Amino acid sequence: MSKTAIIYSFNTKKTGKIAVQVQEGFNDPAIEMINAEEITEDLFLSFDRIIMGVPTWFDGELPNYWDEFVPALEEMDLKEKKIALFGLGDQKGYAENFLDGVGIMAGILEAQGATLLGFTSVEGYAFEGSRALRNDQFLGLAIDYENQGSMNKQRVTSWIDQLRKEFA
Ligand SMILES: Cc1cc2nc3c(=O)[nH]c(=O)nc-3n(C[C@H](O)[C@H](O)[C@H](O)COP(=O)(O)O)c2cc1C
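With the sequence shown counted from 1, adding 1209 to any position gets you our numbering.
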């Protein structure tokens, strides 16, 4: 049986809230919540389907806890892994780097052979630039608490519907 995890920092508030909404949306007790701040290579590789919470920090960078795990990721064979990213960013405050962390993480995972799922439309967002884009789609779910918090629930719900199909 395939194993699924939602991996995010337990120390975050906003990313954590979205992680819980994703878990509740799937309504599957078998999905494990894993703390990105304590992730190990073996634990990461023990899952077949992985949903990762990746906020953007420091003007277009990964937060420290993900950045510290990048060297380990760059040694992994992720060919059998299906991975979906949800990103948090501020499209007004950081318009030139909106959701860059998702783009950075997507590049690292794809280079190791992972199959990325859960791409979403840029419709409804306004920003200058983002490393998270490919063919006018975000390489994951884009959540903007600062400017569009009221849309979070609806965005999460439709992303889960999409993931149910793409993970199948
Ligand atoms: C110092 C700082 C830098 C940030 N840099 C970016 C950025 O470059 N791009 C972006 O889209 N959002 C940026 N943000 C916005 C965060 O991604 C956003 O607030 C997110 O919800 C944080 O989630 P977390 O608190 O769960 O880590 C930044 C926020 C702060 C406080």
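Positions of the beta carbon are idealized from the N, C-alpha and C atoms, including for glycine.
Quick caveat: nothing in here was measured; it's all calculated off a predicted structure.
Residue i vs residue j beta-carbon contact at 8 Å
i	j	result
Asn-1244	Ser-1218	yes
Ile-1215	Gln-1232	yes
Which listed residue (the options) has its alpha carbon closest to that of residue i
i	options	result
Glu-1355	Ala-1304, Val-1331 and Arg-1373	Ala-1304
Gly-1327	Ser-1339, Arg-1343 and Asn-1306	Arg-1343
Ile-1248	Glu-1319, Lys-1288, Ala-1320 and Phe-1278	Phe-1278
Thr-1265	Ala-1377, Leu-1294, Trp-1368 and Ile-1369	Leu-1294
Lys-1291	Thr-1213, Ala-1341 and Glu-1283	Thr-1213
Ile-1260	Glu-1246, Ala-1377, Thr-1366 and Leu-1325	Leu-1325
Arg-1364	Ala-1377, Glu-1250, Ser-1330 and Ala-1315	Ser-1330
Bridge-paired residues (DSSP) for residue i
i	result
Trp-1266	Glu-1270
Gln-1321	Answer is none; Gln-1321 lacks a bridge partner.
Thr-1329	Phe-1347
Ile-1313	Answer by DSSP bridge pairing: none, since Ile-1313 is not bridged.
Met-1261	Ile-1216 and Leu-1294
Span of the beta strand (DSSP E) around residue i
i	result
Glu-1241	1241-1244
Tyr-1217	1213-1217
*With a cut-off of 8 Å, do at least 3 Cβ pairs link the segment 1298-1317 to the segment 1252-1260?*
Cβ pair count under 8 Å is below three, so no.
_Within 8 Å, do at least three Cβ pairs link the segment 1304-1313 to the segment 1342-1358?_
yes
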